[in-house]
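A.B. asks:
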């Protein structure tokens, strides 16, 4: 599928596709087709670009559906190992599009199916890295929390800004935030809705890496390529063990870890150990 979005890729040309939706239109007028989510493929790395810069990448209902479709396609793509989520135009995501509430473009808020922001209820079989420039606030923060890792520009800003308008966290914010930063810190951020800069975000574990402004996407994609170069079955099974142990007793979590480990062993981990014994891959090489 060809793209109608302005170019957002960096470096060498990439295979590009787009998930499209109808833009808001005047009643009775012909709706225009525009790209709100662009998907780029660079070998085993898929970059999903949220493309509503005129709205600071706020997510309405159609955009949420496009994001969910993009990540479903990534998860089903056998050639894709790691995804990067990025917001075009200098803002990661300002949250849900409050201007769409009460209109046909409003976000879907139902107990089943996709979350209001799109993919936030999905548990993918492969990792996703958030590349954060500018603001990741309200539902945008929840999108970042949904990702496995977060690479942050040094001048990025985080926060539960929806506190100011009485809009609740319904895309995993109250669930994932305390698991990352601890109950007390999460309670502070949720109740106050205050700004969190990148330095504090790194210190409390909200983000994993802080990089120079303007380089978050490139750094996240470089990290994604490093992850994609590792043995994938073992990486994915250990990741799932981490994700699935929440709420389990220690004995249950250990049994779960073993089940995932046995899957990795059956897929060739023993051969990997033999390669190590032969001198391959030592000292991080």
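Numbering (my numbering), first residue to last: 31 to 315.
Built from N, CA and C at the ideal position, the CB exists for glycine as well.
Please read these numbers as outputs of a predicted model, since none were measured by experiment.
Since residue 161 and residue 216 should fall inside the 8 Å C-beta cutoff, what is the C-beta to C-beta distance between them, to a whole number of angstroms?
C.D. replies: Incorrect: roughly 23 Å between the Cβ atoms, too far for contact.
A.B. asks: Output yes or no for whether 8 Å exceeds the beta carbon distance between residue 101 and residue 113.
C.D. replies: Against a cut-off of 8 Å, the Cβ pair of residue 113 and residue 101 comes out as a contact.
A.B. asks: At 4 residues or longer, and completely inside the stretch 216-270: list those alpha helix (DSSP H) runs for me, N to C.
C.D. replies: With a minimum length of 4 residues, the continuous alpha helix (DSSP H) runs that stay inside the stretch 216-270 are 228-234, 246-258.
A.B. asks: Considering only their Cβ atoms, is the gap separating residue 242 from residue 182 smaller than 8 Å?
C.D. replies: No, Cβ-Cβ distance for residue 182 and residue 242 is not below 8 Å.
A.B. asks: Quick one: which unbroken beta strand (DSSP E) runs of 3-plus residues sit fully inside the stretch 51-121? Chain order, please.
C.D. replies: Entirely contained in the stretch 51-121, the beta strand (DSSP E) runs reaching 3 residues are, in chain order, 63-72, 75-80, 112-117.
A.B. asks: Give the DSSP bridge partners of residue 161, in chain order.
C.D. replies: Looking at the DSSP assignment, residue 161 forms a beta bridge with 116, 181.
A.B. asks: Let me make sure I understand the geometry here. Which of 79, 218, 154, 94 has the alpha-carbon closest to that of residue 121?
C.D. replies: It is 79 whose Cα lies nearest to the Cα of residue 121.
A.B. asks: Where does residue 195 land, buried or exposed, given buried means 16+ other C-beta within 10 angstroms?
C.D. replies: Exposed is the call here.
A.B. asks: Apart from the five residues on each side of it in sequence, which residues of its chain come closer than 8 Å, Cβ to Cβ, to residue 137?
C.D. replies: Closer than 8 Å at the Cβ level, and outside the excluded window around residue 137, lie 89, 90, 91, 94, 126, 127, 130, 131, 146, 147.
A.B. asks: Residue 194 by DSSP, collapsed to three states: which one?
C.D. replies: Helix at residue 194.
A.B. asks: State the Cα-Cα distance for the pair residue 170 and residue 177, rounded to the nearest angstrom.
C.D. replies: The straight-line gap from Cα to Cα measures roughly 11 Å.
A.B. asks: Answer yes or no: do residue 191 and residue 223 have a C-beta to C-beta separation smaller than 8 Å?
C.D. replies: Yes, they are a contact pair.
A.B. asks: Can you look up residue 189 in the DSSP assignment and give me helix, strand or coil?
C.D. replies: Strand, per DSSP.
A.B. asks: List the DSSP bridge partners of residue 317.
C.D. replies: This structure cannot speak to residue 317, because the chain is shown only from 31 to 315.
A.B. asks: Measuring CB to CB, does residue 98 end up less than 8 Å from residue 149?
C.D. replies: Yes. Within cutoff.
A.B. asks: Use the C-beta contact count for residue 72: other C-beta atoms within 10 angstroms, 16 or more gives buried, fewer gives exposed.
C.D. replies: Result: buried.
A.B. asks: May I ask you to list the residues that DSSP assigns as paired with residue 167?
C.D. replies: In DSSP, residue 167 forms a bridge with 189.
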